[in-house]
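Scroll down for the structure; my scribbles are underneath it.
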């Protein structure tokens, strides 16, 4: 009988450890979900601000990228080239999450807007700079 109780105690200890790990995992996942939502809201706000600056102040994508030292990925996300926005826009003009038809996991591509990350200026950016 003592061996059965010892085994039972060992099984219970393993189950408790698994439950603790699951609680910790659940907490991490919930925290991540909240952070993703905050990031999406911040991106939408920054995109709207960039669009307003470009529209009303005549500042090009290239100028914004240089001034704020944007990486290629940040530049693509925050100031998409005309007609190349990967973000879905709703009827009221607000920016939403990636359109599932255009979305690609980061692991599947090393390109920004269809161009390698190493290319700094797209033809659209050059035309933006020439318009100035």
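Numbering (UniProt numbering), first residue to last: 1 to 132. From the three backbone atoms N, C-alpha and C, an ideal C-beta is built for every residue, glycine too.
Counting only residues of its own chain and dropping the five nearest sequence neighbours on each side, residue 65 has a CB closer than 6 angstroms to the CB of 75. Under the three-state reduction of DSSP, residue 70 is assigned to coil, being neither helix nor strand. Judged by their CB atoms, residue 77 and residue 47 are nearer to each other than the 9 angstroms cut-off. With contacts defined as CB atoms closer than 9 angstroms, residue 50 and residue 79 qualify as a contacting pair. Per DSSP, the continuous alpha helix (DSSP H) segment holding residue 27 begins and ends at 2-57.
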